[in-house]
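Reviewing the structure listed below.
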Amino acid sequence: MKKFEVYKNIRKRAMIFGLPVSLFALMMIAVIASLLVIIFSFGFGIIIGVLVFNGALYIGLTKFAQNPQLLQIAKVFPKSISNKKTSALNYE
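At position 22 of the sequence shown (counting the first as 1) the number is 33 in the numbering used here, and the numbers step up by one without a gap.
So, in structure tokens, the structure goes:
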């Protein structure tokens, strides 16, 4: 008989509109801020600019969600691992 384990970490991989929950929250903050800009501005160019910005942000966040190594600059592991104390003093 098969045994199935309970999957408790379902929120770690939850996706909304192709984005993880944290990136989706960032997108919604940007949308709310852009709606405030649209409400309080009367220029047609600003409205078009906000729409282009939201589209570019969504495309950028989906690319980042598919390939999270894009923003990894530093290496994760050091070249060598040692227990030797890193001190410039010479006791010998």
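The C-beta atom is built at its ideal place from N, Cα and C for all residues, glycine as well.
Would DSSP call residue i helix, strand or coil?
i, result
"Met-12", "coil"
Do residue i and residue j have their C-beta atoms closer together than 9 Å?
i, j, result
"Val-42", "Asn-65", "yes"
"Phe-28", "Met-38", "yes"
With distance defined between alpha-carbon atoms, name the residue in the options nearest to residue i.
i, options, result
"Leu-46", "Asn-78, Leu-37, Gly-54 and Ile-58", "Ile-58"
"Ala-36", "Met-12, Ser-52, Phe-53 and Tyr-69", "Tyr-69"
Given residue i, which residues of its chain have a CB within under 8 Å of its CB, disregarding the five upstream and five downstream residues?
i, result
"Val-61", "Ser-45, Val-48 and Ile-49"
Apart from the five residues just before and just after residue i, which ones in its own chain have a Cβ nearer than 6 Å to its Cβ?
i, result
"Leu-30", "Leu-72 and Ala-76"
"Ala-25", "Val-32"
Who does residue i pair with in a DSSP beta bridge?
i, result
"Pro-79", "Pro-79 is not bridged to any residue."
"Leu-72", "Its beta-bridge partners do not exist; DSSP assigns none."
Please list, in chain order, all residues of the same chain as residue i whose beta carbon is under 7 Å from its beta carbon, the five residues on each side excluded.
i, result
"Ser-98", "none"
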